[in-house]
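Below is one structure, written out as C-alpha cells, with a few remarks after it.
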Amino acid sequence: MHRIRELGYHDRLFDLIDERPLTKGEIRDFICLIFGIHDFDIIPDPAADWAGFIKSIRQIQKSEKMQWNPIKKKKCAWINVKALNKTYGNGAKCTIS
C-alpha cells in the first residue's frame, strides 16, 4: 500500500487502515477498490449479510492469481478470509466504541 501512495494514488481508506480498524462498510469499499469492482451492488453489505459478503469475496478471489506474501514467503490469496471472519464475523467483538 505504501507503494501505491508513492505513485500518487490517494484514497481515504489507505489513511484509515493505519489509524483504526475499518468498519464493515469500509472493508467492503476497500475490497471493491482492491479488485476494481465499480458495481457495489454485486457485493452484499457485510453489516446486513456477513455470510453473503464472505461468499462473494471467496468467489472473487477464485478468479484472481495468488499474490506473493513476503511475510509468509509464499503465494497467498489477496484477502485472508479466515482472519477477516475472526475479526468481523458473527460473534466477533466490536472494535468500535
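Each number in our numbering comes from the position in the sequence shown (counting from 1) with 127 added on. C-beta: ideal position from N, C-alpha, C; glycine also.
Would you tell me roughly how many angstroms separate the C-alpha atoms of residue i and residue j, rounded to the nearest one?
i	j	result
Thr-214	Ile-164	23 Å
Arg-147	Asp-156	15 Å
Ala-175	Asp-145	25 Å
Glu-191	Lys-200	19 Å
Asn-196	Leu-143	22 Å
Among residues of its own chain, excluding the 5 on either side of residue i, which ones have a beta-carbon nearer than 7 Å to its beta-carbon?
i	result
Ile-161	Trp-205
Gln-194	Lys-202, Cys-203 and Trp-205
Ile-181	Val-208 and Asn-212
Ile-184	Ile-158, Ile-206 and Val-208
Relative to the alpha-carbon of residue i, which residue among the options has its alpha-carbon at the smallest distance?
i	options	result
Ile-187	Pro-171, Pro-197 and Trp-195	Pro-171
Gly-179	Lys-201, Asn-212, Cys-203 and Leu-143	Asn-212
Between residue i and the rest of its own chain, which residues show a CB-CB distance below 8 Å, the 5 nearest in sequence each way excluded?
i	result
Leu-140	Leu-149, Glu-153, Asp-156, Phe-157 and Leu-160
Ile-169	Ser-183
Lys-220	Interpretation of Lys-220 is limited by its pLDDT of 49, a score under 50 that renders its predicted location unreliable; no figure is taken from the coordinates.
Glu-216	Note on residue identity: the sequence assigns Gly, not Glu, to residue 216. The answer, listed in chain order, is Trp-177 and Ile-181.
When you compare the CB positions of residue i and residue j, do they come within less than 7 Å of one another, or not?
i	j	result
Lys-151	Pro-173	yes
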